[in-house]
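Colleague: Below: one structure in structure tokens.
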Amino acid sequence: MGANTSQVSDLSESQSIRTLIGPDAISENEPFWNQLISFTFTSPTCSADAKLLEEAVVPLAKTLIQNNPRSGNFGALVRVFLSRTKELKISTECQDQLFIWQAHNALFLVRCLLKVFIRQMNEEELHLQFSYQERAPGTYDSICEDLLEELVCNLVHLIVEVPLLDITYNILFEAVTTLLVLLSYQLFHKEVLREGLIYSCRGVCRDLIAVPIHSEHDDVMRNLTDRCIPVTFNVISVLMISVFSESGSFPNSLSASVVVFICGGCLLTSWLCFSLLVGPRCPVLPILEILYHVEERNSHHVYMALIILLILTEDDTFNRSIHEVMLKNISWYTERVLTEISLGSLLILVVIRTIQFNMTRTRDKYLHTNCLAALANMSAQFRNLHQYAAQRIISLFALLSKKHNKVLEQATQSLRGPLGADDTTVLPDYAQDLNVIEEVIRMMLEIINSCLSNSLHHNPNLLYALLYKRELFEQFRSHPSFQDIMQNLDTVIGFFSQRLEQAGSDLSVERVQEVIKKGAAALPKERLKKFPELKFKYVEEEQPEDFFIPYVWSLVFNSGVGLYWNSQGIELLGMDSP
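According to this note's numbering, the sequence shown is numbered sequentially starting from 4.
Here is the structure:
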């Protein structure tokens, strides 16, 4: 490499690279470094290109490993990069593309070498590679500055402080990718790492919680939307790995990790709410698309999507914001043409579809619980629900009602029929099914009641759908499990039914909607019984890192976002070759 355009095939022939990996020490002040990092090279964006690059780097890195104890050139390269990061934010403000370009190239070289180092040596040996300086072979200064920790701190500072612009995209991509590489020792261990030189630096990654990726310029973000995906993916990966590896670093590790996770969740939610209003692309849509294609996704993807939704719906600001964001022509939603719909209504449609899929296919109580909890959290903030979303809420209740009647009939028949030796388990199975269905029905009634009690006048379409199918609710009026919650629904149905009767017969749809809107403003709120606010929270497991860290690394491994790992030797994901 040097002051020209470089390709993978040029690496072994580059005189600058040969000098870097050679036995002779190079002072940080020599002009050589400007020549070395003045090259044009397109960083890999897929695993295939990353594999070719790594195969070319491996023999060069092995030579450097042999010579670095004498030359200390790797540490010198790191210090050259660090010296340029000190003025990187100013360079960004001044649009100094040359300075940013050279800083990026220096970091790119560091990252490529680190990637090979980590496969060739343990953490202690890697730390020595940072410590070697020009001196007698095999010696190092034990009291020198911790260059590894300084590198990690600078990378985090760079990500936090430097805005995402067109001229900074590449260096930000390299920064987060380098952090992933440094954390990748985890891939080669079956157990979750809680100690080690690399992981002792991870406390600084808590600063990333305030980031997901920021920009001070909306127009720039619009232009960078598609390019931001790899950077955002890598930042979130580093954030998740850092947060869930946090325990064990502090005297009171549990409280520290909980604080970090809670702060991260709050800031992430705030960022998402802000992004909903001003961002160029809604960050919640990919989550909804995962749930919409539930039959094509593995359970881990679906569970993670639901966990994220549940955490987001714990925040009332989020629940209000999603009804203010209007979307047009959602291409992946194919059940019905939706020319325009609010994000809130779309979220309701997707969650209800997930519930219905689960009822007919997987019958996973976990999915039901989390889907209903998310709907319940949002219910008090339902606003101007789309006609189709309102219909689907009532349609889901109709499906549950039908299923309830079927199971009840089967249970009744099993009581009447003779019990043989093989029939003793039939009744308990029906009883359990009936209990589960009644719990779900109760939850749906509470969701509908919460909407009517808190935002009745904002949801004429839900009132219309409720009145159109009011006969569905009659059978539950006297049911002991639903009597209390049915009082409010009876009040609403009775009030509006009377208004519609007074308006005359053969009413048009428009006339019915007019009556409903006027009635919603006239219904006294004191006539509705107050119930406790529906609030559900995601309950974290005792050691969530045992699930999340392998899961996040599996996403990184399979993403192909600028990185490649040979599956041989990877133990965390069960890929170690015999």
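C-beta: ideal position from N, C-alpha, C; glycine also.
Rounded to the nearest angstrom, what separates Arg73 and Tyr135 at their Cα positions?
Modeller: Taking the straight line from one Cα to the other gives about 7 Å.
Colleague: In the DSSP assignment, what residue or residues form a beta bridge with Met329?
Modeller: DSSP lists Ser345 as partners of Met329.
Colleague: Tell me the rounded alpha-carbon separation between Asn37 and Thr171.
Modeller: Going by the C-alpha atoms only, they are around 19 Å apart.
Colleague: Thinking Leu469 and Ile496 are a contact (beta carbons under 8 Å), I'd like their distance in whole angstroms, please.
Modeller: Right, the Cβ-Cβ distance comes to about 7 Å (below 8 Å), so this counts as a contact.
Colleague: I'd like to know whether the C-beta atoms of Phe485 and Gly522 end up nearer to each other than 8 Å.
Modeller: Contact: no.
Colleague: Going straight from the alpha carbon of Tyr541 to that of Ala28, what length do you get?
Modeller: Their backbone Cα atoms lie some 55 Å apart in a straight line.
Colleague: What's the call for Ser348, buried or exposed, on a 16-neighbour Cβ count within 10 Å?
Modeller: Its Cβ being crowded by 16 or more others within 10 Å, Ser348 is buried.
Colleague: From Ser17 to Thr43, what distance separates their C-alpha atoms?
Modeller: So the alpha carbons of these two residues sit roughly 13 Å apart.
Colleague: Could you tell me the alpha carbon to alpha carbon distance between Cys156 and Leu110, rounded to whole angstroms?
Modeller: So the two alpha carbons sit approximately 14 Å from each other.
Colleague: With 16 as the cutoff for other CB atoms within 10 Å, does Asn408 come out buried or exposed?
Modeller: Asn408 comes out exposed.
Colleague: Just the Cα atoms here: how many angstroms apart are Cys454 and His389?
Modeller: Roughly 14 Å between the two C-alpha positions.
Colleague: Would you mind working out which of Gln105, Pro166, Asn491 sits nearest Lys92, comparing C-alpha positions?
Modeller: Checking every option, the nearest Cα to that of Lys92 belongs to Pro166.
Colleague: Assuming Glu177 contacts His107 under a Cβ cut-off of 8 Å, what Cβ separation, rounded to an integer in Å, is found between them?
Modeller: Correct: roughly 6 Å between the Cβ atoms.
Colleague: Let me confirm a value: Pro47 is counted as buried when at least 16 other C-beta atoms fall within 10 Å, else exposed. Which label applies?
Modeller: That one is buried.
Colleague: Could you compute how far the alpha carbon of Val559 sits from the alpha carbon of Trp568?
Modeller: Going from the Cα of Val559 to the Cα of Trp568 covers about 10 Å.
Colleague: Report the three-state DSSP secondary structure of Gly25 (helix, strand or coil).
Modeller: Gly25 falls in the coil class under three-state DSSP.
Colleague: Since Thr623 is in the alpha helix (DSSP H), which residue starts that stretch and which ends it?
Modeller: Residue 623 lies beyond the range of the chain shown here (4 to 581); nothing can be said about it.
Colleague: Measure the Cβ-Cβ separation of Leu67 and Leu116 and say whether it is below 8 Å.
Modeller: Yes, they are a contact pair.
Colleague: Can you look up Glu33 in the DSSP assignment and give me helix, strand or coil?
Modeller: Glu33: coil per DSSP, three-state reduction.
Colleague: Which runs of the alpha helix (DSSP H), 4 residues or longer, sit entirely within the region 458 to 500?
Modeller: Listed in chain order, they are 463 to 471.
Colleague: Within the region 61 to 117, note down every full alpha helix (DSSP H) run reaching 4 residues or more, in order along the chain.
Modeller: The qualifying runs are 76 to 88, 91 to 96.
Colleague: Kindly list the residues whose CB is nearer than 8 Å to the CB of His220, restricted to its own chain and excluding five residues on each side of it in sequence; keep chain order.
Modeller: Unreliable placement is indicated for His220, whose pLDDT of 44 sits below 50; no coordinate value is reported for it.
Colleague: Just the Cα atoms here: how many angstroms apart are Glu513 and Gln98?
Modeller: Looking at the two C-alpha atoms, the distance is approximately 58 Å.
Colleague: Specify, as a first and last residue, the run of the alpha helix (DSSP H) that Val410 falls within.
Modeller: Where Val410 is concerned, the enclosing alpha helix (DSSP H) stretches over 390 to 419.
Colleague: Would you say the region 387 to 401 touches the region 347 to 361, given that touching needs at least three Cβ pairs under 8 Å?
Modeller: The region 387 to 401 is in contact with the region 347 to 361.
Colleague: Tell me which residue opens and which closes the alpha helix (DSSP H) that Leu370 is part of.
Modeller: Element bounds for Leu370: 368 to 382.
Colleague: State the Cα-Cα distance for the pair Trp335 and Phe539, rounded to the nearest angstrom.
Modeller: Going by the C-alpha atoms only, they are around 29 Å apart.
Colleague: Let me confirm a value: Pro463 is counted as buried when at least 16 other C-beta atoms fall within 10 Å, else exposed. Which label applies?
Modeller: By the neighbour-count rule (16 or more Cβ atoms within 10 Å), Pro463 is buried.
Colleague: Are Ala377 and Val353 touching if we call contact CB-CB under 8 Å?
Modeller: No, the pair does not count as a contact, with Cβ atoms beyond the cut-off.
Colleague: Taking just the CA atoms, how far does Val297 sit from Ala434?
Modeller: Rounded to whole angstroms, Ala434 to Val297 spans 29 Å at the Cα level.
Colleague: Would you mind giving the Cβ-Cβ distance between Ala379 and Met446, rounded to the nearest angstrom? I have them listed as a contact below 8 Å.
Modeller: Contact holds; Cβ gap of about 7 Å.
Colleague: Answer with buried or exposed for Leu186, where buried requires no fewer than 16 other C-beta atoms within 10 angstroms of its C-beta.
Modeller: Its Cβ being crowded by 16 or more others within 10 Å, Leu186 is buried.
Colleague: If contacts are defined as beta-carbon pairs under 8 Å, then Ile451 and Ile396 qualify, I think. What distance do you get, rounded to the angstrom?
Modeller: Confirmed, about 7 Å.
Colleague: In whole angstroms, what is the alpha-carbon distance linking Thr316 and Asp149?
Modeller: Roughly 43 Å between the two C-alpha positions.
Colleague: From the DSSP output, in three-state form, read off Cys49 for me.
Modeller: Here Cys49 sits in coil by DSSP.
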